[in-house]
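Below is one structure, written out as structure tokens; the observations come after it.
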Amino acid sequence: MRRRLDSLLNGECDPEETRILERHIRECPRCLEDVGCERALRRLLRRCCHEPAPVELRRRITTRIRVTYLSSGEQ
Numbered sequence: 424m425r426r427r428l429d430s431l432l433n434g435e436c437d438p439e440e441t442r443i444l445e446r447h448i449r450e451c452p453r454c455l456e457d458v459g460c461e462r463a464l465r466r467l468l469r470r471c472c473h474e475p476a477p478v479e480l481r482r483r484i485t486t487r488i489r490v491t492y493l494s495s496g497e498q
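Here our numbering = 1-based position in the sequence shown + 423.
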């Protein structure tokens with residue numbers, strides 16, 4: 424469920440999945456709290472983080488994501 428909620432928050436769901444997940448969130452106190460916290464965190468980050476990350480930091484993060492993805496076997 425966590426991955427589906429992340430997809431919803433990232434705007435990656437189609438309209439039908441969005442409708443289903445939003446209904447679930449309204450009915451599930453734990454998911455409602457999780458999504459509320461995640462949305463609040465994202466708002467805070469948007470307000471506080473106006474400068475782009477340094478190129479080297481972005482490179483290290485991208486490399487780490489790629490290594491993790493490839494080692495997970497989800498290709």
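Glycine included, each C-beta is placed from N, C-alpha and C at the ideal position. Just so you know, these numbers come straight off a predicted model, no measurement behind them.
Practice task
Could you have a look at E460 and say whether DSSP puts it in helix, strand or coil?
Solution key: Correcting the residue type first, residue 460 is Cys in the shown sequence and not Glu. In the structure shown, C460 sits in a helix (DSSP, three-state: H, G or I).
Handout entry: Cβ neighbour criterion (16 or more within 10 Å) applied to L493
Key = exposed
Exercise for the section: Compare the beta carbon distance of H447 and C454 with 8 Å and say whether it is the shorter of the two. Expected result: yes
Exercise for the section: Could you give the DSSP three-state label for P452: helix, strand or coil? Expected result: Note: P452 maps to helix in three-state DSSP.
Practice task
List the endpoints of the continuous alpha helix (DSSP H) containing D429.
Solution key: Segment R425 to L432, the alpha helix (DSSP H) holding D429.
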